[in-house]
Amino acid sequence: MAVSPSLIAEAVGWRREFHAAPELGYQEQETSRRVAELLASFGLQVHRGLAGTGVVATLENGPGPVIGLRADMDALPITELGSVSYRSRRAGVMHACGHDGHTAMLLAAAAHLAQTRHFSGTVHFVFQPAEENLGGARKMVEEGLFERFPMDAIYALHNWPGIPLGEVALSDGAMMASLDAFEITLRGKSCHAAMPESGADPIVAAAQLIMALQTIPSRRLSPQDSAVVSITQINGGEAINVLPDTVVLRGTFRCLSNRVRARVRELIESYVATQPQVSDVQGEISWFPGYPVTKNHALQAQQVREVAVATLGAQAVRWNQAPSMASEDFACMLEACPGPISG
1 MAVSPSLIAE
11 AVGWRREFHA
21 APELGYQEQE
31 TSRRVAELLA
41 SFGLQVHRGL
51 AGTGVVATLE
61 NGPGPVIGLR
71 ADMDALPITE
81 LGSVSYRSRR
91 AGVMHACGHD
101 GHTAMLLAAA
111 AHLAQTRHFS
121 GTVHFVFQPA
131 EENLGGARKM
141 VEEGLFERFP
151 MDAIYALHNW
161 PGIPLGEVAL
171 SDGAMMASLD
181 AFEITLRGKS
191 CHAAMPESGA
201 DPIVAAAQLI
211 MALQTIPSRR
221 LSPQDSAVVS
231 ITQINGGEAI
241 NVLPDTVVLR
251 GTFRCLSNRV
261 RARVRELIES
271 YVATQPQVSD
281 VQGEISWFPG
291 YPVTKNHALQ
301 AQQVREVAVA
311 TLGAQAVRWN
321 QAPSMASEDF
331 ACMLEACPGP
341 ISG
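Using UniProt numbering, you'd call the opening residue of the sequence shown number 1 and step up by one each time.
Laid out in structure tokens, this is it:
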């Protein structure tokens, strides 16, 4: 059943409303309140508080399957430079990853299903906080999402730049990469830059280690195994003529299988333990909780494919879409419940 033009117009309005008032992860107080308010106006049972600012709304329509539909709500710490009328009103915060659109689309789906009742069963609409590197999905699962709201399957989508409007992309395997973040501390011995032999230079050790880490994807893995290792921050030194005691490197690595993920972590730890010693520098590494590979379950992915073909036509469905090396914490929900994500 087609969505009414008036509802589409409302959804555009909701998206712009959320875009103008972005909130960072676990701070989505206004967004959460507005989402709950709209869901209640559609006649849904609304539950708040999972993972702090999460919202789950339930729509029942007789016996049948029980599914979940999920969207994320948080924004990014980015300054918006655009000039649209609905640009961010909050300095340094922007919906730069499309979660405003995800939220508006799921609200529209809830409104449409509540109006038409063109289904049998139960739908749980899951509005998740803190997707952006803060583990909101995992926290919802840990706080009992699937115990409080049992589901046969859960579905999500992510806007996917590069895919034309009106097309759907998915596969029955990996859709998005795992994400692991790390901090490497290199400890040397400070000395005057004119007398480097009297110290142990962690800056040179950092340069050597950074280059060595890039050989992991190119020389230590099969060319058929996708992985990206990135150093994204370097901090060390204060005076222009003094070699520092310490340099700190931060970065991430991403993979498309658990086997490769385990191997890359093992190699990074090995390099950190051995490479700096060439410069008489000691290395240590700390890990931060990451996201697993976002891997679709085959049955549910095939169901989405069939519905998309029936609705949009086979020409508009990209099956076996090449996975993205970006990451999505919906992966944590897929470890607890069958489902797919599509673009």
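Cβ atoms here follow ideal geometry from the backbone N, Cα and C, with glycine treated the same way.
Predicted model only: the values in this text are computed from it and were never measured.
In this structure, the CA atom of His47 is about 30 Å from the CA atom of Leu179. Nearest in C-alpha terms to Arg70, of all of Gly199, Ala194, Gly251, Phe149, is Phe149. Only buried fits His158, as 16 or more other CB atoms lie within 10 angstroms of its CB. A contact is defined here as three or more CB-CB pairs under 8 Å, and the region 74 to 87 fails this definition with respect to the region 34 to 51. For Glu167, same chain residues with a beta-carbon under 8 Å away, outside a window of 5 residues either side, are Leu312, Ala316, Val317, Arg318 in chain order. Where Gln45 is concerned, the enclosing beta strand (DSSP E) starts and stops at 45 to 48. Secondary structure of Arg261 (DSSP, three-state): helix. Taken in chain order, the unbroken stretches of beta strand (DSSP E) that lie wholly in the region 303 to 334 and span 3 residues or more are 317 to 319. By the Cβ rule, the region 265 to 284 counts as touching the region 182 to 199, because three or more pairs are nearer than 8 Å. Gln233: not part of any alpha helix (DSSP H); member of the beta strand (DSSP E) spanning 227 to 236, first to last residue.
Under DSSP, Thr58 forms a beta bridge with Gln45, His124. Between Val260 and Ala212, the gap from beta carbon to beta carbon reaches 8 Å or more. Arg33 counts as exposed, since fewer than 16 other C-beta atoms from the protein chains shown sit within 10 angstroms of its C-beta.
For Ile8, the uninterrupted alpha helix (DSSP H) segment begins and ends at 5 to 20. By the Cβ-count criterion, Trp14 is buried, with 16 or more other Cβ atoms from all chains shown falling within 10 Å of its own Cβ.
Scanning the region 132 to 190 for uninterrupted alpha helix (DSSP H) segments of 4 residues or longer gives 136 to 142, 145 to 148, listed from N- to C-terminal end. Taking 8 Å as the cut-off, the beta carbon of Glu143 is found no closer than this to the beta carbon of Asp74. For the options Val56, Asp245, Met195, the alpha carbon positioned closest to that of Ile154 is the one of Val56. Ala71: member of the beta strand (DSSP E) spanning 66 to 72, first to last residue.
Where Gly101 is concerned, the enclosing alpha helix (DSSP H) starts and stops at 99 to 116.
Boundaries for Ile240: no alpha helix (DSSP H) harbours it, and the DSSP string shows neither H nor E there.
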